[in-house]
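Residue numbers (the numbering used here): 469 to 576. We put the beta carbon where it would ideally sit given N, CA and C, even for glycine. Computed from a predicted structure; not experimentally measured. This report concerns only the one structure given below.
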Amino acid sequence: MNYKKSKTDITTVTRDVSKIEEKTGNIYQSVVIIAKRANQVGIEMKEELNNKLSEFVSSADNLEEVFENREQIEIAKYYEQLPKPTLIAINEFFNDQVYYRIPEKQSN
Numbered sequence: 469m470n471y472k473k474s475k476t477d478i479t480t481v482t483r484d485v486s487k488i489e490e491k492t493g494n495i496y497q498s499v500v501i502i503a504k505r506a507n508q509v510g511i512e513m514k515e516e517l518n519n520k521l522s523e524f525v526s527s528a529d530n531l532e533e534v535f536e537n538r539e540q541i542e543i544a545k546y547y548e549q550l551p552k553p554t555l556i557a558i559n560e561f562f563n564d565q566v567y568y569r570i571p572e573k574q575s576n
């Protein structure tokens, strides 16, 4: 997923608690849904970054010879400028882009 193109705030924004609660009827369920989605996004971003950086790994690394690769620096800058996973998850939640289901309570 291309997170740079998503219309997400880069900085933290104060949110109205009642709007977060509207979606599920329970603030705690909404927060759990957002948190789980943020974890998913964070894992995806980390895997993507690791895949890109694995191209630069050499088996002849020496502590005395550390070369700064311009491409590695550009990749690092790109990922530093991306919105945080939590902000992406909140944006997806408010725009109904997150699929979730709430299991029915079991009757005893």
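In the three-state reduction of the DSSP assignment, residue 559 falls in the helix class. Within 10 angstroms of the beta-carbon of residue 509 lie 16 or more other beta-carbons, which makes it buried. Rounded to the nearest angstrom, the Cβ distance from residue 488 to residue 498 is 5 Å, consistent with a contact under 8 Å.
Per DSSP, residue 550 lies in no alpha helix (DSSP H) and is assigned neither H nor E. At least 8 Å separates the beta-carbon of residue 506 from that of residue 551.
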